[in-house]
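The sequence shown begins at 15 in the working numbering and counts up one residue at a time. Note that beta-carbon positions come from the ideal geometry of N, C-alpha and C, so glycine has one too.
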Amino acid sequence: MDDGFLTVASACLCAGTAILYERIQIIYLEFAILQKNPTALQIAREEMDDIQDQSKWQFAYIFLLWTTVFAVKWGYFAEMLSKVARF
Numbered sequence: 015m016d017d018g019f020l021t022v023a024s025a026c027l028c029a030g031t032a033i034l035y036e037r038i039q040i041i042y043l044e045f046a047i048l049q050k051n052p053t054a055l056q057i058a059r060e061e062m063d064d065i066q067d068q069s070k071w072q073f074a075y076i077f078l079l080w081t082t083v084f085a086v087k088w089g090y091f092a093e094m095l096s097k098v099a100r101f
């Protein structure tokens with residue numbers, strides 16, 4: 015059972031990292047916009063569709079990375095619970 019949680023964690027980590035690497039340029043662009051960089055604002059006008067799509071991708075990779083964290087925790091917790099005597 016604990017191996018299943020760790021397998022899910024590995025898959026979620028790979029998927030979350032792939033999404034992050036695919037979208038990292040837009041994330042950098044968003045941070046540059048927040049710093050009011052004039053060059054970034056010009057680029058943002060051209061990339062407006064990608065910037066608007068970023069919120070759904072951001073939710074996806076944050077969800078996958080948190081799932082990774084909790085799957086690892088549950089994997090170790092399941093092993094500890096299996097050794098506890100039942101009443």
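>> Taking only three categories from DSSP, how would you classify Glu61?
In response: coil
> Which same chain residues, not among the five before or five after Leu78, have their C-beta less than 8 Å away from its C-beta?
Replying inline: Cys26, Leu27, Ala29, Gly30 and Ile33
> Do you know how far the Cα of Trp80 is from the Cα of Glu60?
Replying inline: 32 Å
>> One question on the structure: do Val86 and Ala23 come within less than 7 Å of each other, judged by their Cβ atoms?
In response: yes
>> Here's the rule: buried if 16 or more other CB atoms are within 10 angstroms of the residue's CB, otherwise exposed. What is Thr21?
In response: exposed
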